[in-house]
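K.L.:
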Amino acid sequence: MMISKRLQTIVDLIDKDLNLVDIGTDHGIVPVEVLNNNYNKKIIATDINPKPLSRAESFIKQNNFEGKVDLRVGSGLKPININEADQILVAGMGGELIADILKSDLDKAKYAKQMILQPMTKVEELRKFLIDNGFNISKDIVIEDNQSKQIRYFHILVVNNDKGIDYGPFELIFGPTDQINISQDYKHYIKRKIDQYEKRIASMNNSDNFNTIRRRLEYERRLKFLIEVYESTKNC
Ligand SMILES: C[S@@+](CC[C@H](N)C(=O)[O-])C[C@H]1O[C@@H](n2cnc3c(N)ncnc32)[C@H](O)[C@@H]1O
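Numbering (our numbering), first residue to last: 546 to 781.
#1: Would the C-beta of A636 count as close to ligand 1, meaning under 7 Å from any of its heavy atoms?
#2: Tell me which residue opens and which closes the beta strand (DSSP E) that S698 is part of.
#3: Run through the stretch 650-698 for me and flag every whole alpha helix (DSSP H) of 4 or more residues, listed as ranges in chain order.
#4: Where DSSP assigns a beta bridge to L616, which residues make up the other side?
#5: So, at 7 Å on beta carbons, what are the nonlocal neighbours of R761 in its own chain, with the 5 sequence-adjacent residues on each side left out?
#6: Would DSSP call G640 helix, strand or coil?
#7: Identify which residue in Q663, F699, I682, D571 has its Cα closest to the Cα of N706.
#8: Can the beta-carbon of P597 be found closer than 8 Å to that of I588?
#9: Look at the alpha carbon of A654 and the alpha carbon of A601, and state the distance between them as a whole number of angstroms.
#10: Ignore the nearest five residues each way along the sequence and tell me which others in Q724's own chain have a CB closer than 6 Å to its CB.
#11: Please tell me whether, using a cut-off of 7 Å, the distance from the CB of S599 to the nearest non-hydrogen atom of ligand 1 is below it.
#12: Taking Cβ to Cβ, would you say A644 is nearer than 8 Å to F674?
#13: Using only alpha-carbon positions, find the residue among G713, V668, D631, F770 that is nearest to D652.
#14: Across which residues does DSSP place L634 in a beta bridge pair?
#15: On the CB-based measure, 16 or more other CB atoms within 10 Å of its CB, does I758 come out buried or exposed?
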């Protein structure tokens with residue numbers, strides 16, 4: 546089965562020694578793919594809506610894994626008992642929704658030895674939520690996915706007990722910059738951000754509105770940071 550780079554990266558990050566809870570599984574691709582990779586721990590897959598869950602059930606059957614995934618309807622971590630939440634995956638939702646899901650059941654989130662979180666939006670807010678609540682972000686990856694012709698960037702955060710990343714104010718927005726040595730995708734992401742900020746700043750240049758000027762100055766600081774990061778990656 547061909548799966549997207551986003552989902553493949555998530556599958557590769559799953560710890561095969563921990564039980565897996567896939568919150569908001571939708572199509573059920575992740576459970577099927579981990580089973581294809583000889584994963585033999587318990588898998589629970591949930592969704593707030595019964596419809597996607599029955600879609601996941603059919604997909605699991607089609608792949609001859611009937612009975613191998615415990616499917617449960619419900620919101621966030623509600624359908625899970627605390628001692629089942631070894632490894633939590635929440636992917637393909639907004640960063641604020643992911644933070645809300647964790648906040649509503651903080652004891653379960655804290656019990657997990659590993660969480661893999663893939664926000665579609667508001668990654669800065671999710672990073673802040675995690676840090677403010679004493680979670681340790683050990684990996685913070687950007688991937689470039691151009692499967693749908695349009696290039697898209699996805700953030701994937703891994704929370705566990707490995708060494709945590711020290712975030713400065715700009716890293717909270719754009720992700721840690723130490724990954725520049727290993728990731729071409731991160732370089733492309735930074736370049737995309739530089740282009741976006743240059744356009745935004747240009748569109749604000751003639752304004753004498755106080756708030757616009759303040760925002761423009763902030764964007765100029767961000768742009769300076771991004772250019773420095775980009776320049777430092779040139780030889781990588
Ligand atoms: C865009 S899909 C993402 C599917 C898959 N996780 C992925 O990354 O490709 C989001 C899924 O999350 C489900 N969902 C939304 N809010 C939820 C919540 N509070 N608890 C559980 N599932 C939720 C939706 O019904 C939908 O099936």
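Even for Gly, the Cβ is constructed at its ideal location relative to N, Cα and C. No experiment lies behind these values; they were computed from the predicted model shown.
P.N.:
Result, derived from the coordinates:
#1: yes
#2: The amino acid occupying residue 698 in the given sequence is Tyr; Ser does not appear at that position. It spans 697-704 - the beta strand (DSSP E) in which Y698 sits, taken as one unbroken run.
#3: 651-656, 668-677
#4: A590
#5: I746, M749
#6: helix
#7: I682
#8: no
#9: 24 Å
#10: Y731
#11: no
#12: yes
#13: D631
#14: D567, I661
#15: exposed
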